[in-house]
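Novice: The sequence shown begins at 12 in my numbering and counts up by one. Submitted below is the structure of interest, expressed as structure tokens.
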Amino acid sequence: MQETPRLIATDIDGRLIRDDHTVSPRTADVLARISARGTPVVLVTGRPVRWLKMVYDQLAQPLPAVCANGAVVYDPFSDEVLRADPLAPHHLAEVARRLRAEVPDISFAVEILDSREMRHEAHYPLRWDVDPDGIRPIETPEELLSVPAVKLLARAGEQDPDAFVELISAAVAGLAEATHSSSSGLVEISAAGVTKAAGLAWYCDRLGVSAADVLAFGDMPNDVPMLSWAGRGVAVANAHPAVLAVADEVTTTNSEDGVAAYLEKVFGVD
12 MQETPRLIAT
22 DIDGRLIRDD
32 HTVSPRTADV
42 LARISARGTP
52 VVLVTGRPVR
62 WLKMVYDQLA
72 QPLPAVCANG
82 AVVYDPFSDE
92 VLRADPLAPH
102 HLAEVARRLR
112 AEVPDISFAV
122 EILDSREMRH
132 EAHYPLRWDV
142 DPDGIRPIET
152 PEELLSVPAV
162 KLLARAGEQD
172 PDAFVELISA
182 AVAGLAEATH
192 SSSSGLVEIS
202 AAGVTKAAGL
212 AWYCDRLGVS
222 AADVLAFGDM
232 PNDVPMLSWA
242 GRGVAVANAH
252 PAVLAVADEV
262 TTTNSEDGVA
272 AYLEKVFGVD
């Protein structure tokens, strides 16, 4: 029989929340009961800090979060960023130079101020992120690359996401990390060595929890490092093939409360 995990780490989109972007009462209740027993629950997401409130509003209490694919570790109780690992401006400039040479019609956005704000080129397509207080187009080309960014976002029209991230990964090899978590060809670029696994490992080390004692849930390629690092990695049934390939186990889909169903069995919660 497997040991009971000492820490739960879960992705949000496609994993914790359902396709209608809500957290089910069942899932919220299970997470609250496990937290109350003393087992930490950590959200590990590609989302920026500014996107957490819509999730926190549906939970019994906020949960610590590793955001921006591992670049930001956030404490919601103090509203404090515990750790940030951004791309420095000179690295941003070199990444952008390489990618513009490789993909002439590429467009960029950057997550800045620990992902509390976003800046984007005028032709960068905003799909859903339209917060007027935190998001605006750049006024000059230099502005895009002038401050550290916890994530560089790249688009070039509709792309096959796996093929596009492979192209970008090759172009920035040795300088940055590239991954994706969408079906629309959006590639997310972080500083070299920054992954969900790295951000979660830093937080677990802070708590004295080893990788072997972590149970992690994921569904998209940006979750692969975390599921590979954790002692037990669980994928949803409809996860990306790359995630299914590294997962130790598979649970039901997010629309079927897969995280809650799995945790109820592991922790004896019903």
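Backbone N, C-alpha and C define an ideal beta-carbon position, used for all residues, glycine too.
#1: Buried or exposed: which applies to HIS131, given that a residue is buried once 16 or more other Cβ atoms fall within 10 Å of its Cβ?
#2: Taking all protein chains shown into account, do 16 or more other C-beta atoms lie within 10 angstroms of the C-beta of ALA212, making it buried, or fewer, making it exposed?
#3: Is the CB-CB distance between ALA241 and ALA47 below 8 Å?
#4: For HIS134, count the other beta carbons within 10 Å of its own beta carbon; 16 or more makes it buried, fewer makes it exposed. Which is it?
#5: Might you give, ordered along the chain, the residues of its own chain that have their beta carbon closer than 6 Å to the beta carbon of ILE200, omitting 5 neighbours on each side?
#6: From the DSSP output, in three-state form, read off ARG26 for me.
#7: List in chain order: all unbroken beta strand (DSSP E) runs of 3+ residues lying wholly within the region 48 to 132.
#8: Distance check for ASP216 and VAL280, CA to CA, integer angstroms please.
#9: Going residue by residue through the region 155 to 185, where are the continuous alpha helix (DSSP H) segments of at least 4 residues, counting only ones entirely within it?
#10: Can you list, in chain order, the residues of its chain whose CB lies under 7 Å from that of PRO97, leaving out five sequence neighbours each side?
#11: So VAL235 and ALA253 are in contact, right, with Cβ under 8 Å, and what is the actual spacing, rounded?
#12: Going straight from the alpha carbon of ILE28 to that of VAL34, what length do you get?
#13: Starting from GLU275, trace the alpha helix (DSSP H) both ways and give me its first and last residue.
#14: For a test of the three-state rule: what should DSSP assign to THR264, helix, strand or coil?
#15: Using C-beta distances below 6 Å, list every residue in its chain close to ALA271, excluding the 5 sequence neighbours before and after it, in chain order.
#16: Mind pulling the alpha helix (DSSP H) runs of 4 or more residues that sit fully within the region 182 to 228?
#17: Measuring straight from C-alpha to C-alpha, what distance separates ARG138 and HIS191?
#18: Our contact map puts VAL121 next to LEU155 with C-beta atoms below 8 Å; I'd like the distance itself, whole angstroms only.
#19: Reducing DSSP to helix, strand and coil, say where ARG17 ends up.
Specialist: With the given structure in hand:
#1: The residue you call residue 131 lines up with position 120 of the sequence shown. The residue in question, HIS131, is buried, as its Cβ has 16 or more Cβ neighbours within 10 Å.
#2: In the sequence shown, residue 212 corresponds to position 201, counting from 1. Burial call: buried.
#3: Walking along the sequence shown from the start, residue 241 turns up at place 230. Walking along the sequence shown from the start, residue 47 turns up at place 36. No, they are not a contact pair.
#4: The sequence position of residue 134 within the sequence shown is 123, counting from 1. With fewer than 16 Cβ atoms within 10 Å of its Cβ, HIS134 is classed as exposed.
#5: Taking the sequence shown and counting its residues from 1, one reaches residue 200 at position 189. Cβ neighbours of ILE200 beyond the five flanking positions: LEU163, ALA187, ALA189.
#6: Translated into the one-based positions of the sequence shown, residue 26 becomes position 15. DSSP places ARG26 in coil when its eight states are reduced to three.
#7: 52 to 55, 76 to 78, 83 to 86, 91 to 95, 118 to 123, 128 to 131
#8: The sequence position of residue 280 within the sequence shown is 269, counting from 1. The sequence position of residue 216 within the sequence shown is 205, counting from 1. Distance between the alpha carbons of VAL280 and ASP216 is about 27 Å.
#9: 172 to 182
#10: The count along the sequence shown starts at 1 and reaches residue 97 at position 86. Once the five neighbours on either side are set aside, the close Cβ partners of PRO97 are ALA82, PRO159, ALA160, VAL161, ALA202.
#11: Residue numbering aside, residue 235 sits at position 224 when the sequence shown is read from its first letter. Residue numbering aside, residue 253 sits at position 242 when the sequence shown is read from its first letter. Rounded, the Cβ-Cβ distance is 6 Å, consistent with contact.
#12: Locating residue 28 in the sequence shown gives position 17, where the first residue counts as 1. Locating residue 34 in the sequence shown gives position 23, where the first residue counts as 1. Distance between the alpha carbons of ILE28 and VAL34 is about 5 Å.
#13: One-based indexing of the sequence shown puts residue 275 at position 264. GLU275 -> alpha helix (DSSP H) spans 269 to 278.
#14: As a working note, residue 264 is residue 253 in the sequence shown. Of the three classes helix, strand and coil, the one that applies to THR264 here is coil, per DSSP.
#15: Within the sequence shown, residue 271 is the residue found at index 260, counting from 1. Correct list, in chain order: ARG37, THR38, VAL41.
#16: 207 to 218
#17: On the sequence shown, position 127 is the one that residue 138 refers to. On the sequence shown, position 180 is the one that residue 191 refers to. Those two C-alpha atoms are separated by around 15 Å.
#18: Position 110 of the sequence shown, counted from the first residue, corresponds to residue 121. Position 144 of the sequence shown, counted from the first residue, corresponds to residue 155. Sure, about 6 Å apart at Cβ, within 8 Å.
#19: Counted from its first residue, the sequence shown places residue 17 at position 6. Coil.
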